[in-house]
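Take a look at the structure set out below.
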Amino acid sequence: MCIDYVGDYMGVSGQYSSDCAVVALDAAAAARALRVPADDGFDAWVFDIDETLLSNLPYYAAHGFGSNADDDKSFNEWVELAESQLYQPV
């Protein structure tokens, strides 16, 4: 079943965490390779916090990994709990 496959990928197998680590390393390497003027005071990094730096995996695990109908109210309640964890590779 698809839910089992996604659940295994996202949690049990560790593959999702491994993939996130690869992406984080690639992003860090790309950032280090940028040529920016030194100490000009105009450099900034902007991140979309949700699902970029913070994981909502516990919410999705509890709600069928996307197999259930979207429920904005439930998701917003989860966000308000402020229990999301940082993606460890980030």
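The sequence shown begins at 987 in this note's numbering and counts up one residue at a time. By construction, the Cβ of each residue, glycine as well, lies at the ideal position given by its N, Cα and C atoms.
Residue burial classification, residue i (beta-carbon count within 10 angstroms, cutoff 16)
i, result
"Phe-1028", "exposed"
7 Å Cβ shell around residue i - same chain, five flanking residues per side excluded
i, result
"Met-987", "none"
"Asp-1004", "Position check: residue 1004 holds Ser in this sequence, whereas Asp was assumed. No residues qualify anywhere along the chain."
Residue nearest to residue i in terms of C-alpha spacing, selected from the options
i, options, result
"Phe-1061", "Tyr-1073, Tyr-1045 and Ser-1070", "Tyr-1045"
"Thr-1038", "Gly-993, Val-1009 and Ala-1016", "Val-1009"
"Glu-1069", "Ile-989, Ser-999, Ser-1003 and Leu-1043", "Leu-1043"
"Asp-1036", "Asn-1054, Asp-1056 and Gln-1071", "Gln-1071"
Contact set for residue i: own chain, Cβ-Cβ below 6 Å, skip 5 residues either direction
i, result
"Tyr-1073", "Cys-1006 and Ser-1041"
Whether residue i touches residue j by CB criterion (8 Å)
i, j, result
"Asn-1033", "Met-996", "The displayed chain sequence assigns Phe, not Asn, to residue 1033. Going by C-beta atoms, Phe-1033 is not nearer than 8 Å to Met-996."
"Gly-993", "Ala-1048", "no"
Contacting residues, own chain, Cβ-Cβ under 8 Å from residue i (five flanking each side not counted)
i, result
"Leu-1011", "Pro-1075"
"Ile-989", "Gly-1050, Phe-1051 and Ser-1053"
Subject >> Ordered list of alpha helix (DSSP H) runs contained in the stretch 1031-1061, each at least 4 residues >> reply: Segments of the alpha helix (DSSP H) lying fully in the stretch 1031-1061: 1043-1048.
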